[in-house]
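Numbering (my numbering), first residue to last: 222 to 536.
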Amino acid sequence: MFEKIPETMRAIRYSAYGGPEVLRLEEVPVPAAGQGEVLVRVHAAGVNPGDWLIRSGMAGDRFGLPYIPGWDIAGVVVGLGAGVTGIHPGDAVYGMTANSGGCAEYAVIPAGQLAPKPKTADFTEAAALPQSGNTAWHALFEQGGLKAGQTVLINGAAGGVGHLAVQLARWKGARVIGTASARNEAYLRELGVDAFVDYTFGLPAELVRTADLVLDTAAGGNRDWLIDALKPDGRLVPIAFGTHSADKAAEAGVDVQDVQFPPFASAVLDELSRLFDEGRLRVTIDSEFSLEETAKAHERSESRRARGKIVVRVL
Numbered sequence: 222m223f224e225k226i227p228e229t230m231r232a233i234r235y236s237a238y239g240g241p242e243v244l245r246l247e248e249v250p251v252p253a254a255g256q257g258e259v260l261v262r263v264h265a266a267g268v269n270p271g272d273w274l275i276r277s278g279m280a281g282d283r284f285g286l287p288y289i290p291g292w293d294i295a296g297v298v299v300g301l302g303a304g305v306t307g308i309h310p311g312d313a314v315y316g317m318t319a320n321s322g323g324c325a326e327y328a329v330i331p332a333g334q335l336a337p338k339p340k341t342a343d344f345t346e347a348a349a350l351p352q353s354g355n356t357a358w359h360a361l362f363e364q365g366g367l368k369a370g371q372t373v374l375i376n377g378a379a380g381g382v383g384h385l386a387v388q389l390a391r392w393k394g395a396r397v398i399g400t401a402s403a404r405n406e407a408y409l410r411e412l413g414v415d416a417f418v419d420y421t422f423g424l425p426a427e428l429v430r431t432a433d434l435v436l437d438t439a440a441g442g443n444r445d446w447l448i449d450a451l452k453p454d455g456r457l458v459p460i461a462f463g464t465h466s467a468d469k470a471a472e473a474g475v476d477v478q479d480v481q482f483p484p485f486a487s488a489v490l491d492e493l494s495r496l497f498d499e500g501r502l503r504v505t506i507d508s509e510f511s512l513e514e515t516a517k518a519h520e521r522s523e524s525r526r527a528r529g530k531i532v533v534r535v536l
C-alpha cells in the first residue's frame with residue numbers, strides 16, 4: 222500500500238532575493254503531476270551554484286517569486302500524470318526538475334528527466350549526480366568532443382562537476398590534468414588525474430600546449446592562462462561565465478566556446494547509473510544538511526571550497 226499524499230508539505234522557500242537568510246521553512250501545497258510528469262517523494266536534493274545565484278538575484282527575476290530552490294532530486298515515485306508509461310509508484314528514481322522545487326517533501330519532475338536510481342547508490346549519492354553529471358558529460362563528449370588518447374585539462378577538478386568530469390574522462394581513455402588548490406592534490410591523484418596543477422601558481426611550462434581540450438568549471442575572473450594549455454586547434458569549453466581573451470585565443474589558434482545550458486535527458490542518467498553500478502564512477506559528498514539547514518548548505522556552496530557535492534537530506 223502506497224502512502225497517502227497530503228495536501229501540504231514542508232518546503233524551503235523565499236519571497237525576496239538576498240543572502241541565505243531569506244530562505245524559510247514553510248508549509249506549502251503539494252504540487253500536482255501534470256501531463257507527462259511524475260510526483261516524487263523527495264529523499265534528498267542536490268545543491269548547485271545555480272541555486273544561490275538565483276536566490277541572490279544574479280539571475281534576475283526570470284524565475285519568479287516565491288521560489289523553492291533545488292533542481293536535483295532523488296526519491297520514490299508516489300504519483301503519475303497523464304500519459305506517463307514505464308514508471309510506477311514505488312520506483313526509486315533520480316533526476317532533474319524542470320522548474321526547481323527540489324528542497325521540499327514532494328516535487329514534480331518530467332518523466333523524460335528522471336531514471337531509476339543506481340542500484341548501488343543511496344539517495345544522497347543519487348541526488349548529487351543529475352545536473353553535475355549531465356553537465357560534465359555534455360561538456361566533455363558533446364561540446365568538447367573528447368576521445369580516447371586525447372588530453373583534457375579540467376579547471377576546478379575537485380568541485381561538483383569537476384570531480385565527475387575527471388572520472389568520466391578517465392573512463393573514456395583520456396589523459397587528465399586536474400587543477401585545484403593545493404589541499405586537493407592528494408584527493409585528485411586518488412581520483413586518477415595524471416598531472417596536478419595548483420592554479421595559484423599558474424600553468425607549469427611542461428604543460429603548455431599539451432591539451433586537446435580544456436574544461437573550465439570555475440566562475441568569474443580572468444583565466445587566459447588556460448588558453449596556454451591548449452594545442453593549436455584545441456577547444457576550451459566553459460560551463461560558467463568567466464573571461465577568456467578572444468585575441469589571445471585567436472593568436473593561439475584555439476576555439477573558446479560559449480557557455481551552454483545543455484538539454485537534460487534520462488539517457489545520460491542511464492549511462493551515469495551504469496557507470497556508478499560498475500564502480501567506474503563515484504560521488505564525493507562534501508557535506509550533508511537537513512532540510513531545515515538549507516541556508517547552511519547554500520553558505521557552504523557560496524564558499525566555493527566544497528570538494529564534490531553538497532546535499533540536502535529531506536527524508
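Beta carbons are placed, not taken as given, at the ideal position from N, Cα and C, and that holds for glycine.
- Check the Cα spacing between Thr400 and each of Ile375, Gly300, Leu412: the tightest is with Ile375.
- If you draw a straight line from the Cα of Lys368 to the Cα of Val387, it is about 14 Å long.
- In the three-state reduction of the DSSP assignment, Leu428 falls in the helix class, which pools H, G and I.
- Taking every protein chain shown into account, the CB of Leu502 has 16 or more other CB atoms within 10 angstroms, so this residue is buried.
- Looking at Trp358, Gly366, Leu412, the one whose alpha-carbon comes closest to that of Ala378 is Leu412.
- For His359, there is no enclosing alpha helix (DSSP H), as DSSP marks it with neither H nor E.
- Below 8 Å, too few C-beta pairs join the stretch 251-262 and the stretch 272-287 to call them touching: fewer than three.
- Val373 has Val397, Leu434 as its beta-bridge partners, per DSSP.
- Using a Cβ-Cβ distance cut-off of 8 Å, the stretch 421-437 and the stretch 453-469 are in contact, since at least three pairs of beta carbons, one from each stretch, lie closer than that value.
- Taking 9 Å as the cut-off, the Cβ atoms of Arg521 and Asp507 count as close.
- In the DSSP annotation of this structure, Arg283 is not part of any alpha helix (DSSP H), being labelled neither H nor E.
- CA-CA distance, Asp445 to Arg430, rounds to 13 Å.
- Pairing Gly529 with Ile398, the inter-Cα distance amounts to about 17 Å.
- For the pair Glu247 and Ala232, the CB atoms are nearer than the 9 Å cut-off.
- Taking the C-beta atoms as reference points, Val475 is found no nearer than 9 Å to Arg495.
- Within the same chain, and ignoring the five residues on either side of Ala280 in sequence, the residues whose Cβ sits closer than 8 Å to its Cβ are Gly271, Leu274.
- Boundaries of the beta strand (DSSP E) harbouring Thr229: 229-234, taken from the DSSP string.
- In the structure shown, Lys452 falls within a strand segment according to DSSP collapsed to helix, strand and coil.
- Each residue's CA atom was taken as its position, placing Tyr315 and Val504 some 14 Å apart.
- In terms of Cβ geometry, Val535 and Val268 do not form a close pair [threshold 9 Å].
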